[in-house]
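Student:
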Amino acid sequence: MGFLDSQVLIALALSLIGGLSTSIGALFVVINQAPNLKMLGLLQGFAAGLMLSISFLDLAHNAINSIGFLKGNLWFFAGVIFFAIVANFIPEPTVAPISDVKSKKKNGDEGGKDIMKKHRRQVLFSGIITAVGISLHNFPEGMAVFLGSMKGLRVGLNLALAIALHNIPEGVAVALPVYFATQSKWQAFKLATLSGFAEPLGVIIVAYLFPSSLSPEILEGLLGSVGGVMAFLTLHEMLPLAFDYAGQKQAVKAVFFGMAFMSASLYFLQTSLPEDMSL
242 MGFLDSQVLI
252 ALALSLIGGL
262 STSIGALFVV
272 INQAPNLKML
282 GLLQGFAAGL
292 MLSISFLDLA
302 HNAINSIGFL
312 KGNLWFFAGV
322 IFFAIVANFI
332 PEPTVAPISD
342 VKSKKKNGDE
352 GGKDIMKKHR
362 RQVLFSGIIT
372 AVGISLHNFP
382 EGMAVFLGSM
392 KGLRVGLNLA
402 LAIALHNIPE
412 GVAVALPVYF
422 ATQSKWQAFK
432 LATLSGFAEP
442 LGVIIVAYLF
452 PSSLSPEILE
462 GLLGSVGGVM
472 AFLTLHEMLP
482 LAFDYAGQKQ
492 AVKAVFFGMA
502 FMSASLYFLQ
512 TSLPEDMSL
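Count along the sequence shown from 1, add 241, and you get the number used in this note's numbering.
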């Protein structure tokens with residue numbers, strides 16, 4: 242499939258929206274210096290609702306209807322197993338509590354400049370490792386956006402929106418330790434932004450690996466696998482973070498609000514887009 246193919250360009254644009262949302266997370270750090278973790282938790286819960294709707298009510302549902310119950314489930318759980326392996330080797334980084342960062346500063350001041358420098362080096366290293374981990378972690382998400390865009394604008398757009406909201410806390414996870422270690426807002430913002438480029442890179446690589454035309458059965462199966470990937474990501478990583486940051490009750494409300502929002506977005510997309518545009 243050529244790089245200038247319209248589907249590839251659409252997928253690339255959508256993945257840029259999702260990937261560069263890490264910059265928004267970095268802005269939480271460089272502007273406020275103390276990001277509101279409850280708000281991040283609510284965003285995670287909202288994004289989890291979007292992802293659950295996409296996974297079960299759209300991707301997995303369509304795969305089962307198109308290729309049958311058995312094949313649809315096999316593809317779905319293949320996606321679950323694939324991302325479980327990815328998560329095992331590249332666990333999702335979390336945002337350290339602000340109190341921990343402040344205590345590190347305090348301990349550093351009391352222990353002298355040498356201890357503080359060592360502290361900063363350790364934190365900077367953790368920030369760099371986090372950025373690398375997020376980049377590797379986001380690569381399959383770029384693949385998911387590409388496959389969704391091959392199905393139609395609706396699937397690709399919804400995946401990109403959900404992933405974009407999910408990536409905001411990831412930007413915080415990178416920017417917070419880098420800013421603490423370097424005291425440079427630009428370095429924190431730059432590294433968090435660069436970590437998001439793994440998603441469009443995933444689109445570019447997959448566009449060259451996949452044939453220009455896939456059979457409907459294979460495409461539906463792959464999208465079923467994407468549903469499995471998204472479901473695992475949501476239940477294994479996004480919901481626990483939402484509970485930790487926002488509390489169980491508030492996070493659950495955000496999840497259902499996200500599901501309702503996704504249902505409404507599907508309806509308005511179907512009624513507002515031109516008839517000749519793929520959905």
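Each residue gets a CB set at the ideal place from its N, CA and C atoms; glycine is no exception.
Computed from a prediction, not measured in an experiment: that's the story for all the values here.
Find out if the Cβ-Cβ distance for the pair G462, K312 is shorter than 8 Å.
Tutor: Cβ distance < 8 Å, so G462 and K312 count as in contact.
Student: Excluding five sequence neighbours on each side, which residues of the same chain lie with their C-beta closer than 7 Å to the C-beta of L261?
Tutor: Once the five neighbours on either side are set aside, the close Cβ partners of L261 are T434, G437.
Student: Leaving aside the five residues before and after M500 along the sequence, list all residues of the same chain whose C-beta is less than 7 Å from its C-beta, in chain order.
Tutor: If we look at M500 and ignore the five residues flanking it on each side, its Cβ neighbours are G290, L293, S294.
Student: Restricting to runs no shorter than 4 residues, where is the alpha helix (DSSP H) found entirely within the stretch 262-324?
Tutor: Fully enclosed alpha helix (DSSP H) runs of 4 or longer: 263-273, 278-293, 301-308.
Student: Among the residues of its own chain, which have a CB less than 7 Å from the CB of S340, if the five just before and after it don't count?
Tutor: Bear in mind that the predicted position of S340 carries a pLDDT of just 46, short of 50, making it unreliable; the figure below should be weighed with that in mind. If we look at S340 and ignore the five residues flanking it on each side, it has no Cβ neighbours.
Student: Leaving out the 5 sequence neighbours to the left and right, which residues in its chain are closer than 6 Å to N306 when beta-carbon positions are compared?
Tutor: Once the five neighbours on either side are set aside, N306 has no close Cβ partner at all.
Student: Nearest-angstrom Cα distance between A472 and V321?
Tutor: Approximately 7 Å, taken between the alpha carbons.
Student: Within 10 Å of its beta-carbon, does Y449 have 16 or more other beta-carbons around it, so buried, or fewer, so exposed?
Tutor: So Y449 ends up on the exposed side.
Student: Taking C-beta to C-beta, are G383 and L432 nearer than 8 Å?
Tutor: Not in contact: G383 and L432 (Cβ atoms no closer than 8 Å).
Student: Span of the alpha helix (DSSP H) holding F421?
Tutor: Here the alpha helix (DSSP H) through F421 covers 394-423.
Student: Could you check how far apart the C-beta atoms of F387 and V327 are, in whole angstroms? I think they sit under 8 Å.
Tutor: In fact, because the Cβ distance is near 17 Å, the residues do not count as touching under 8 Å.
Student: When the Cα of V493 is compared with those of I258, G282, I272, G266, which residue comes out closest?
Tutor: Of the listed residues, the one whose Cα sits closest to V493 is G282.
Student: On the CB-based measure, 16 or more other CB atoms within 10 Å of its CB, does F310 come out buried or exposed?
Tutor: That one is exposed.
Student: Classify F395: buried if its beta carbon has 16 or more other beta carbons within 10 angstroms, exposed otherwise.
Tutor: One point to set straight first is that residue 395 is Arg, not Phe, in the sequence displayed. Classification of R395: buried, given that the 10 Å Cβ count is 16 or more.
Student: Which value, in whole angstroms, describes the spacing of the CA atoms of A401 and L480?
Tutor: Computed Cα separation, rounded: 18 Å.
Student: Closer than 6 Å by C-beta to S296: which residues in its own chain qualify, once you throw out the five before and the five after it? Chain order, please.
Tutor: Closer than 6 Å at Cβ, skipping near neighbours: G468, M471, A472.
Student: Which residue wins for smallest C-alpha separation from M503, given the options P381, L315, A403?
Tutor: Of the listed residues, the one whose Cα sits closest to M503 is A403.
Student: Taking all protein chains shown into account, do 16 or more other C-beta atoms lie within 10 angstroms of the C-beta of A505, making it buried, or fewer, making it exposed?
Tutor: Classification of A505: exposed, given that the 10 Å Cβ count is below 16.
Student: Looking at the structure shown, is G260 part of a helix, part of a strand, or coil, going by DSSP?
Tutor: If DSSP states are grouped into helix, strand and coil, G260 belongs with the helices.
Student: When DSSP labels each residue in this structure, what does D485 get in the three-state scheme?
Tutor: Three-state result, D485: helix.
Student: Which same chain residues, not among the five before or five after S256, have their C-beta less than 6 Å away from its C-beta?
Tutor: Only G383, V386, E440, P441, V444 meet the Cβ criterion.
Student: How about G259 and A405: do their beta carbons lie closer than 8 Å?
Tutor: Taking 8 Å as the Cβ cut-off, G259 and A405 qualify as a contacting pair.
Student: Out of F287, V270, L398, state which residue places its alpha-carbon closest to the alpha-carbon of L250.
Tutor: Looking at the Cα atoms, L398 is the closest of the given residues.
Student: On a CA-only basis, which of Y486, T475, A483 is nearest A325? Give me that one, please.
Tutor: If we check each option's Cα against that of A325, T475 comes out closest.
Student: Please classify S456: does DSSP put it in a helix, a strand, or coil?
Tutor: Looking at S456 - three-state DSSP - the assignment turns out to be coil, as it is neither helix nor strand.
Student: Would you kindly report the start and end of the unbroken alpha helix (DSSP H) that includes F430?
Tutor: Unbroken alpha helix (DSSP H) run through F430: 426-436.
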